[in-house]
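Visitor: Mind having a look at this structure? Questions to follow.
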Amino acid sequence: MYEINQNVKDSRQQYYQHISGQNLTPLWESLHHLVPQTPNANCAPAYWNYQEIRPLLMESGNVIGAKEAIRRVLVLENPALRGQSSITATLYAGLQLILPGEVAPSHRHNQSALRFIVEGKGAFTAVDGERTPMHTGDFILTPQWRWHDHGNPGSEPVVWLDGLDLPLVNLLGCGFAEDYPEDQQPVTRKEGDYLPRYAANMLPLRHQRGNSSPIFNYRYDRSREALHDLTRMGDPDEWEGYKLRYVNPVTGGYPMPSMGAFLQLLPKGFASRVARSTDSTIYHVVEGAGQVTIGNETFHFSAKDIFVAPTWHGCRFAAAKTRCYSVFRTSRFRKPWGCSAKHVIN
Numbered sequence: 001m002y003e004i005n006q007n008v009k010d011s012r013q014q015y016y017q018h019i020s021g022q023n024l025t026p027l028w029e030s031l032h033h034l035v036p037q038t039p040n041a042n043c044a045p046a047y048w049n050y051q052e053i054r055p056l057l058m059e060s061g062n063v064i065g066a067k068e069a070i071r072r073v074l075v076l077e078n079p080a081l082r083g084q085s086s087i088t089a090t091l092y093a094g095l096q097l098i099l100p101g102e103v104a105p106s107h108r109h110n111q112s113a114l115r116f117i118v119e120g121k122g123a124f125t126a127v128d129g130e131r132t133p134m135h136t137g138d139f140i141l142t143p144q145w146r147w148h149d150h151g152n153p154g155s156e157p158v159v160w161l162d163g164l165d166l167p168l169v170n171l172l173g174c175g176f177a178e179d180y181p182e183d184q185q186p187v188t189r190k191e192g193d194y195l196p197r198y199a200a201n202m203l204p205l206r207h208q209r210g211n212s213s214p215i216f217n218y219r220y221d222r223s224r225e226a227l228h229d230l231t232r233m234g235d236p237d238e239w240e241g242y243k244l245r246y247v248n249p250v251t252g253g254y255p256m257p258s259m260g261a262f263l264q265l266l267p268k269g270f271a272s273r274v275a276r277s278t279d280s281t282i283y284h285v286v287e288g289a290g291q292v293t294i295g296n297e298t299f300h301f302s303a304k305d306i307f308v309a310p311t312w313h314g315c316r317f318a319a320a321k322t323r324c325y326s327v328f329r330t331s332r333f334r335k336p337w338g339c340s341a342k343h344v345i346n
């Protein structure tokens, strides 16, 4: 540490004011902040108890209709990022409600979106002319710039967790959106059209490769079965239990360019070791119960709850009941940049 007398400090401040008129600033005053010794956590650990916020979500159905709202969503705002509609610095998350008889109008945008279905049955989402029913635990994609709308011809409310790369796309200054001329796009493909084409470890002869997965509904019943089959193959990982990554069957990579998603199971009585990662991660509990310690905070959770682990915060899990949860995070873009890292603490 350099010792600097007051005369030098005053002289430097005069210099800084002088160069400021030319929109210049000295790097040496901010270098340690710009290039830190360890990653800076730009959000805080946070937890949402679904049973506590569900009445507020249902109340929104009386406040505004799905058509007027375009998307009736309660945004999950990180307490360290209030007013920014962000759950982490690079991710948006919110709980969307669609009531019986409602339609959420068709539109498209160049932000990528994913959805984990939280509760209810009878609703559908339509993406690029194909409809798919929504069931609890399903993982549904809306890749960038694809027409999509939602409808609920059923008899009960349906709720899902939205995840978008909104903050990241907005940071890059390249957000676009467009409304479809009608509330719903025409259905041009049969339900399940993607299944025989892409869901059997095979590809159609004339497949045109895109940057997102051609499978847009990863059904929970199938994913859950695969995860439980994995538990019979050996012991769980000491840090993450049993965990599978959702993949684009064409490339083997993540389903969409900017977000990774996983399904994870912790056996009853499992207690993990502690690890931390440069990826801020959002967890949605599909079933089961337990607790997680993120940094210095401990949260007790059960089915449908949501919590977020910020970058470089140590995480430790304990399962009171066998539990399964969905995970999503921005991670793919970090790997080619060499910015992705994981550190085992114990």
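With our numbering, letter number 126 in the sequence shown gets 126, and the count goes up by one each step, no holes. Glycine is no exception: its CB is placed at the ideal position from the N, C-alpha and C atoms.
1) Short of 8 Å in beta carbon distance, which residues of its chain neighbour Ala89, apart from the five on each side in sequence? Order them along the chain.
2) Going by DSSP, which residues form a beta bridge with Ile140?
3) Answer yes if the region 174 to 181 comes into contact with the region 125 to 133, meaning at least three C-beta pairs across the two stretches below 8 Å, and no otherwise.
4) Per DSSP, Ile98 forms a beta bridge with which residues?
5) Is it right to say Asp237 is buried, meaning 16 or more other beta carbons lie within 10 angstroms of its own, or is it exposed?
6) Tell me which residue opens and which closes the alpha helix (DSSP H) that Ser20 is part of.
7) Just to confirm my understanding: we take Gln144, look at its own chain, exclude 5 residues before and 5 after, and list those with CB closer than 6 Å. What are they?
8) Would you tell me roughly how many angstroms separate the C-alpha atoms of Trp201 and Gln96, rounded to the nearest one?
9) So, with DSSP's three-state summary, where would you put His284?
10) On the premise that Pro255 lies in contact with Tyr246, defined as a C-beta separation below 8 Å, what is that separation, rounded to the nearest angstrom?
11) Relative to the C-alpha of Leu114, which residue among Gly122, Asn78, Phe139, Gln264 is closest?
12) Across which residues does DSSP place Ile306 in a beta bridge pair?
13) Look at Lys268 and Ala319 and say whether their C-beta atoms are less than 8 Å apart.
14) Output the distance between the C-alpha atoms of Arg54 and Arg273, rounded to the nearest integer angstrom.
15) Assess contact between the region 61 to 80 and the region 91 to 105, defined as three or more Cβ pairs (one per stretch) separated by less than 8 Å. Is contact present?
16) For Thr38, I'd like the list of residues in its chain whose CB is within less than 7 Å of its CB, leaving aside the five on either flank, ordered along the chain.
17) Nearest to Val250 by CA position, among His148, Asn211, Ser11, Gln84, is which residue?
18) Would you mind sorting Ala226 into buried or exposed? The rule is 16 or more other CB atoms within 10 Å of its CB.
19) Quick check on the DSSP output: the alpha helix (DSSP H) that includes His32 runs from which residue to which?
20) Suppose the cutoff is 6 Å on Cβ atoms and the five residues either side in sequence are ignored; what does the same chain contact list for Leu230 look like?
21) For a quick check, are the C-beta atoms of Asp149 and Ala104 less than 8 Å apart?
22) Please report how far the alpha carbon of Pro36 lies from the alpha carbon of Pro45, in whole angstroms.
23) By Cβ distance, which residues of its chain are closer than 7 Å to Leu141, with the 5 residues on each side in sequence left out?
24) Look at the alpha carbon of Trp337 and the alpha carbon of Ala69, and state the distance between them as a whole number of angstroms.
25) Where do the N-terminal and C-terminal ends of the beta strand (DSSP E) with Pro105 fall, by residue?
26) Just to confirm before moving on: does the CB-CB distance between Phe328 and Met259 stay below 8 Å?
27) Let me check understanding here. Comparing Cα to Cα, which of Asn78, Gly252, Pro100 lies closest to Glu156?
Guide: Reading from the atomic positions:
1) Asn42, Cys43, Leu81, Pro167, Ser280
2) Per DSSP, Arg115, Asn217.
3) no
4) Val158
5) exposed
6) 6 to 20
7) Asn110, Ser112
8) Per the sequence shown, residue 201 should be read as Asn rather than Trp. Distance between the alpha carbons of Asn201 and Gln96: 32 Å.
9) strand
10) 5 Å
11) Phe139
12) According to DSSP, Ile306 shares a beta bridge with Trp48, His284.
13) yes
14) Between the alpha carbons of Arg54 and Arg273 lies a distance of about 32 Å.
15) yes
16) Trp312
17) Asn211
18) exposed
19) 31 to 34
20) Tyr242
21) yes
22) Each residue's Cα considered, the two are about 21 Å apart.
23) Leu114, Ser212, Ser213, Phe216, Pro255, Met256
24) Caution is warranted here: a pLDDT of 49 is assigned to Trp337, below 50, making its placement in the model unreliable, and no coordinate value can be reported.
25) 103 to 109
26) Cβ atoms of Phe328 and Met259: closer than 8 Å.
27) Pro100
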